[in-house]
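Data first, discussion second: the structure below is written as structure tokens.
Chains as they are written, first to last, in the working numbering: chain D, 1 to 409; chain R, 410 to 531.
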């Protein structure tokens with residue numbers, strides 16, 4: 001059997017040999033999936049892959065040369081979310097941070113209680129951690145959301161019981177961008193003296209995230225969502241919070257997380273946090289203006305489009321829409337052929353047979369869930385890119401609709 | 410992920426549309442699994458003269474629909490009934506493993522259309 005050529009090879013070759021000799025410009029609109037490495041972060045990390053190779057746990061000159069860099073990064077991360085550097089633990093990714101926060105709390109507070117509260121729209125890292133704990137005998141309440149993907153604070157308060165040891169509620173949703181009222185959640189958690197964890201992987205660096213004003217006890221960040229490399233993240237653990245480690249090993253991270261530091265990535269992550277904090281307000285307005293331009297353009301040029309997520313309380317760069325009668329992956333492939341990278345809640349792109357659990361939780365009709373398409377913008381996108389998308393999208397949608405047995409003109 | 414042939418049939422699908430007054434219509438799949446395929450047949454003297462399709466689904470669903478119409482045209486009903494989903498996938502130089510079960514239903518839709526023809530056309 002001859003080896004099949006891969007789609008990405010085809011799209012790469014399209015870049016050079018598309019019909020008519022035109023090149024297809026690559027336009028990235030999937031910033032919630034990952035972001036390009038910031039050039040400043042790359043410059044900052046390179047020395048730690050070359051001459052500054054030491055292990056920060058070593059006492060000698062090679063170790064000393066890099067331990068300061070790790071501690072500087074810790075301060076930079078801490079400043080972004082308004083905590084102290086000692087409360088930051090570096091981890092390998094957002095998923096590890098969520099696992100650590102949830103399982104580490106469950107094990108540490110087992111004697112106190114066996115009940116956890118979360119929502120139906122969390123990232124799989126949170127949902128799967130909770131499900132793993134259910135197998136060990138913990139009880140989990142999954143709070144529903146409304147049609148806009150918004151949380152009911154009354155339901156949260158009613159779900160709290162004497163044996164509740166943890167509330168785990170995300171800051172901003174990765175699929176719809178819906179932003180939960182985290183300060184109110186923190187207020188309720190504090191009132192009932194329940195520990196509060198939030199997955200802020202999508203929110204941090206895009207909207208103000210302050211663990212003091214929101215009364216957050218545990219918060220997870222991921223480097224590659226804000227211009228740092230993949231493979232680094234952080235868990236904030238409020239001072240005095242008893243935790244059981246996930247990775248037992250050496251004495252790194254004050255015995256909270258064993259494993260040699262990923263020095264170069266940590267340095268880049270620290271700088272990315274500092275830059276995200278400094279540029280937060282300007283980027284918020286810039287990215288939101290681009291997103292709003294795209295949203296208005298799609299809603300005015302294409303009929304039967306549904307906005308998924310909260311109309312206002314939303315991350316600035318996220319737009320999730322369903323185009324009636326067409327399936328998400330076929331739309332993504334067409335966009336990809338035109339150079340545009342986006343993503344979908346269709347089962348075909350999730351690697352499972354079910355469409356997005358977030359769409360399901362919002363009560364989105366199953367065909368519309370398969371059609372849900374996410375454009376997530378970042379500070380590098382331009383108005384020209386938005387306008388190009390708005391130009392090519394309506395005919396693609398129309399062509400797919402005319403192919404669809406669900407569509408009656 | 411997808412072969413060149415799949416991408417060709419996905420980008421330039423053959424025989425898209427409906428046949429007016431078809432001799433047989435077959436539909437498989439449902440919205441919850443994300444794929445719905447509808448096949449329309451024109452049959453003369455036991456031979457498939459024309460096939461058209463309409464599909465809601467992913468790249469594999471559209472490409473297999475397109476391929477099955479090409480494979481079926483000109484075949485006798487008996488020959489067409491021997492066409493399998495696996496043969497359609499093979500004609501496309503294969504599908505990703507995840508797609509073999511969920512989006513590879515085009516031959517089933519063709520068989521449904523033939524069944525519909527036989528039931529209604531007596």
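All C-beta atoms, glycine included, are put in the ideal place defined by N, C-alpha and C. Just so we're clear, the structure is a prediction, and the values are computed from it rather than from any experiment.
With distances taken between CA atoms, residue 428/R lies nearest to 458/R out of 421/R, 458/R, 437/R and 415/R. Excluding residues up to 5 positions away in sequence, 428, 431, 432, 458 and 459 lie with their Cβ nearer than 7 Å to the Cβ of residue 451/R in the same chain. Rounded to whole angstroms, the separation of the alpha carbons of residue 98/D and residue 491/R is 52 Å. The criterion of a C-beta distance shorter than 8 Å is not satisfied by residue 26/D and residue 317/D. Each of 359/D, 337/D and 334/D was checked against the Cα of residue 345/D, and the nearest Cα belongs to 359/D.
If you ignore the 5 residues before and after residue 266/D, its C-beta comes within less than 7 Å of the C-beta of 70, 73, 90 and 232, all in its own chain and listed in chain order. The secondary-structure analysis by DSSP pairs residue 288/D with nothing; it has no beta-bridge partner. In this structure the region 297-315 of chain D touches the region 384-395 of chain D; the number of beta carbon pairs closer than 8 Å is three or more. A Cβ-Cβ separation of about 5 Å places residue 171/D in contact with residue 198/D under the 8 Å criterion. Residue 138/D sits buried, since 16 or more C-beta atoms from the chains shown fall within 10 Å of its C-beta.
Beta-bridge partners of residue 527/R (DSSP): none assigned. Beta bridge pairing from DSSP links residue 320/D with 374/D. In the DSSP assignment, residue 199/D falls within the unbroken beta strand (DSSP E) covering 195-199. Taking a C-beta distance under 8 Å as the contact criterion, residue 362/D and residue 145/D qualify as a contact pair. In its chain, beyond the 5 residues on either side, 26, 27, 28, 29, 30 and 335 have a beta carbon closer than 8 Å to the beta carbon of residue 341/D. Cβ-Cβ distances below 6 Å link residue 469/R to 504, 508 and 512 in the same chain, with the five nearest sequence neighbours on each side left out; the list follows chain order. Taken through DSSP and simplified to helix, strand or coil, residue 439/R comes out as strand. Contact of residue 327/D with chain R by beta-carbon distance below 8 Å involves 443, 444, 465, 466, 467 and 470. The residue among 337/D, 396/D, 376/D and 308/D with its C-alpha nearest the C-alpha of residue 370/D is 308/D. Within the DSSP secondary-structure output, residue 95/D pairs in no beta bridge. For residue 410/R, no alpha helix (DSSP H) segment is defined, and its DSSP state is neither H nor E. Chain-ordered, the chain D residues with CB closer than 7 Å to the CB of residue 419/R read 333. Straight through space, the alpha carbons of residue 109/D and residue 244/D are spaced by roughly 9 Å.
Sorting 47/D, 400/D, 80/D and 57/D by C-alpha distance to the C-alpha of residue 226/D places 80/D at the top.
Closest option to residue 448/R, judged by alpha-carbon separation, among 528/R, 467/R and 424/R: 424/R.
In the three-state reduction of the DSSP assignment, residue 100/D falls in the helix class, which pools H, G and I. Looking at the backbone, the Cα of residue 59/D and that of residue 65/D are separated by about 10 Å. One thing to note: residue 57/D has its Cβ no nearer than 8 Å to the Cβ of residue 122/D. The beta carbon of residue 445/R lies closer than 6 Å to those of 438 and 465 in the same chain, with the five residues before and after it left out. Boundaries of the beta strand (DSSP E) around residue 139/D: 139-143. Bounds of the beta strand (DSSP E) holding residue 445/R are 444-453. Each residue's CA atom was taken as its position, placing residue 191/D and residue 104/D some 22 Å apart. Chain order gives no chain D residues near residue 495/R, where near means a beta carbon separation below 7 Å; the closest approach is about 14 Å. Each of 481/R, 499/R and 414/R was checked against the Cα of residue 520/R, and the nearest Cα belongs to 481/R.
With respect to the 8 Å criterion, residue 116/D and residue 143/D are not classified as neighbours on the basis of their beta carbons.
Counting of Cβ neighbours within 10 angstroms places residue 463/R among the buried residues, the total reaching 16 or more.
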